Amino acid sequence: MVLYTSPFPNSFLSVLHSFSWGLIFPCYWLADRLVGSFVPTTYEKRQRADDPCYFHALCIIITTPIYLALLVASLPFALIGFLLWSPLQSARRPYIYSRLKDKNRANGATLLTEWKAAGSGKSFCFGSANVCLLPDSLARFNNVFNTQARAKEIGRRIRNGASRPQIKIYIDSPTNTSISAASFSSLVSPQAGDNRTVNAGIKRTTSMEYKGDNCGSNNGEENREDKGGSGEPHEGEENTCIVRINGEENGHMSDTETDTVNGQARASGPADPSLEGDAEISKTPNHKQKEGDSGSLDSCSASRESLVKVRVGDGTVDQSTVNNKLLYKASIMKKTSVRKKKHTDETFDHEISAFFPANLDFLCLQEVFDKRAAEKLKEQLHHYFEYIVYDVGVYSCHGCCSFKFVNSGLLFASRYPVMDAAYHCYPNGRGMDSLASKGALFLKVQVGSTPQDQRIVGYISCTHLQAIAGDTTVRCEQLDMLQDWLSEFRKSTSSSSTANPEELVAFDVLCGDLNFDNCSSEDKLEQQHSLFTHYKDPCRVGPGEDKPWAIGTLLDPEGLYDDEVCTPDNLQKVLESEEGRKGYLVYPTSKNHSSSQKGRKASLKGNGRRIDYMLYTEEGLYLEWKVEVEEFSFITQLAGLTDHLPVAMRLMVSTGEDDP
């Protein structure tokens with residue numbers, strides 16, 4: 001299958017499209033600004049409440065007539081542009097495939113050589129987030145604004161979080177089973193080759209902030225050399241460093257140890273400027289970096305909590321080497337905020353994390369509707385992801401029953417090469433959703449090859465269902481279509497047979513914003529859909545019942561700019577408590593309670609509305625391999641930038657073979 005690298009088949013149509021959009025854009029921009037000036041966010045309302053001169057009201061009075069006059073003047077040009085633009089959409093391709101052109105930063109081909117299916121297995125990490133990148137006037141109805149700046153900051157935070165190496169922290173303590181509530185846990189059990197590094201006790205791993213010489217590349221030669229000196233890890237464990245915390249009571253280090261490591265961290269070299277990014281400095285709360293906010297991973301200051309000593313292999317690492325390469329920033333065993341793993345019967349680890357997982361392999365985003373914002377987001381993500389599929393969807397009347405003003409809002413980013421891609425539009429959208437070409441994006445990626453030159457591939461699907469409450473029937477129909485399209489895509493892209501397999505399928509993952517939860521009585525039909533008999537939800541016990549540790553992913557828009565939750569660390573701490581979740585997550589509607597979420601003390605069902613899903617299936621995979629969830633995370637790194645919590649899942653593909 002040919003991947004489309006441009007929206008039109010030839011340059012003439014591209015130029016004509018650009019010309020027509022150039023005629024439309026002034027009218028679009030003026031209308032967006034005009035409407036947006038009358039839809040303030042809660043942050044702007046608080047600012048205006050402190051303005052005794054009513055300066056903003058005066059600005060609106062002055063600018064509104066100007067905007068109206070310019071809008072009327074631009075309408076004839078917009079009409080001409082629309083008459084050119086609309087028929088061109090019949091020739092438009094359903095997506096744009098972008099590959100990083102800078103060969104110095106490209107590493108997709110290198111990744112393919114790392115897994116030959118000869119070891120014990122490999123892990124893959126998937127992320128999904130609804131980023132609410134609508135035109136600014138529409139985004140304000142969700143209490144977020146400044147779409148262009150938000151897009152750049154979202155991309156910067158994601159790539160900075162994912163660029164961190166996976167740090168293993170082994171905690172030796174016979175009395176304490178707690179893990180840090182302020183750091184991201186990758187929580188991979190140590191391998192047999194690593195046992196010499198760990199004494200008997202509780203074994204947990206944590207990713208910490210990392211700044212070193214190779215922040216921009218996850219697969220540098222120096223990183224691989226360092227990794228080689230610490231035993232034989234899993235093939236999927238890239239940029240892994242092993243950290244050991246000796247087992248004092250409650251896992252705390254002594255003051256002497258803490259002071260020593262703090263001094264070593266301060267002696268570290270400067271961070272790689274490529275990780276700092278060039279994000280705009282905005283005065284809005286969405287982008288300000290407060291003291292102690294590690295959401296962007298750009299601060300070189302020491303952590304508020306203890307730093308840990310580093311020990312790799314049998315001996316202690318030369319501290320001068322560590323100082324030259326690593327700056328660790330971790331929150332280990334914070335006395336005032338310790339989260340215990342209560343659900344010991346769970347087969348995988350789970351947490352609320354302030355960061356996107358280290359070594360994130362695949363990212364699926366929803367609501368990237370604004371084209372200019374999509375370009376800014378793509379530019380930032382290309383610092384980490386080599387392959388990106390964006391501007392997914394159809395426009396005008398092409399491909400769907402009703403007129404589409406915006407695309408599907410789906411975006412996919414990958415560190416591994418994309419082999420095939422396909423998009424389908426849901427034809428049954430209603431209300432405001434019918435104006436967007438919501439649908440499903442299906443992708444096939446290559447993640448390795450066997451010694452016999454068989455390709456190892458994986459399937460990833462991303463979707464966004466009908467959003468309007470009460471449209472249960474519409475969503476069920478869309479789930480039916482989704483299952484059919486999934487089956488068709490697998491059949492159309494498979495190049496092997498059972499007798500002579502040319503490809504080995506390692507995983508099949510489905511993610512996205514499904515706009516229904518697993519605790520609302522109004523969503524019973526969706527909860528019982530047959531999709532969940534084929535795909536597994538790691539957070540779900542059964543229809544209408546989530547696992548106790550699963551939390552909602554829909555934030556209450558009214559509280560986005562509260563000091564308690566406006567930074568990743570603060571939001572993480574709030575969501576760790578039941579009372580905090582009741583105050584800042586959206587819960588299922590109830591006749592017995594008011595619609596306001598803030599300060600609610602009543603007993604509510606579940607832990608909030610979890611409408612963002614990460615699903616996987618074991619059907620259709622290579623029979624001799626086994627797929628298991630290694631960890632699941634709810635992520636707060638985009639605090640103040642969107643009204644959804646991103647989710648991430650790490651899958652371990654076990655080949656059943658011993659390490660060579």
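Every letter in the sequence shown is one number past the one before it in the numbering used here, and letter 200, counting from 1, is 200.
Every residue, glycine too, gets a C-beta built ideally from N, C-alpha and C.
Owing to the predicted nature of the structure, the values given are computational and were not obtained by experimental measurement.
query, result
"Per-residue burial, G448 [other beta carbons within 10 Å of its own, 16 or more giving buried]", "buried"
"With 16 other Cβ atoms within 10 Å as the buried cut-off, status of I62", "exposed"
"Outcome for D484 when other beta-carbon atoms lying within 10 angstroms are tallied against a minimum of 16", "exposed"
"Beta carbon of S520 nearer than 8 Å to that of P588", "yes"
"Residue nearest to G121 in terms of C-alpha spacing, selected from N130, E628, N146, W549", "E628"
"Where D523 sits in the DSSP three-state scheme", "helix"
"Which listed residue (Q366, L377, L435, F369) has its alpha carbon closest to that of C397", "L435"
"Coarse secondary structure for T463, derived from DSSP in three states", "strand"
"Buried/exposed call for F405, threshold 16 Cβ in 10 Å", "exposed"
"Exposure label - G431; buried when at least 16 CB within 10 Å", "exposed"
"Distance CB(Y426)-CB(K438) smaller than 8 Å", "yes"
"Touching by the beta-carbon criterion (3+ pairs, under 8 Å), the stretch 133-141 and the stretch 366-375", "yes"
"Three-state secondary structure (DSSP) of I154", "helix"
"Nearest neighbour of G620, chosen from V2, V509, F19 [CA to CA]", "V509"
"Assumed close pair G81, W21 - CB separation to whole angstroms, cut-off 8 Å", "7 Å"
"Beta-carbon spacing of V392, L377 below 8 Å", "no"
"Minimum length 4: unbroken alpha helix (DSSP H) runs contained in the stretch 346-433", "371-381"
"Buried or exposed by the 16-neighbour rule on C-beta atoms within 10 Å, applied to K101", "exposed"
"Residue from N407, T655, T147, I468 with nearest C-alpha to T450", "T655"
"Residues that DSSP places opposite D649 in a beta bridge", "First, the residue type needs correcting, since residue 649 is Met and not Asp in the sequence shown. The partner list for M649 (beta bridge, DSSP) reads F126, F632."
"Contacts around E526, its chain only, beta-carbon distance under 8 Å, and the 5 residues preceding and following it disregarded", "T472, R475, C476, L479, L514, F516"
"Reduced DSSP category for Q483 - H, G, I as helix; E, B as strand; rest coil", "helix"
"G439: first and last residue of the uninterrupted beta strand (DSSP E) it sits in", "439-449"
"V72: CB within 7 Å of a non-hydrogen atom of the ligand SAM", "Among the components of this structure there are no ligands whatsoever, and the ligand SAM is therefore not found."
"Endpoints, the beta strand (DSSP E) within which D513 is located", "503-513"
"Alpha-carbon spacing of R372 relative to L381, whole angstroms", "14 Å"
"Cβ-Cβ separation, L560 to G608 (assumed contact under 8 Å), whole Å", "With a Cβ gap of about 15 Å, G608 and L560 do not count as contacting."
"Minimum C-alpha distance to N518 - residue among V541, Y384, L651, E502", "V541"
"Buried versus exposed call for V72 [16 or more other C-beta atoms within 10 Å across all chains shown]", "exposed"
"Rounded straight-line distance, which links the Cα of Y384 to that of E545", "37 Å"
"Beta carbon of S14 nearer than 8 Å to that of P7", "yes"
"C-alpha distance - A648 paired with P538, whole-angstrom precision", "11 Å"
"Range covered by the beta strand (DSSP E) that runs through L79", "Here L79 belongs to no beta strand (DSSP E); instead the alpha helix (DSSP H) covers 55-88."
"Short Cβ contact (8 Å threshold) for V586 with D556", "yes"
"Beta-carbon proximity of V445 to V418, cut-off 8 Å", "yes"
"Integer-rounded CB distance, given that Y416 should sit under 8 Å from L504", "In fact, because the Cβ distance is near 14 Å, the residues do not count as touching under 8 Å."
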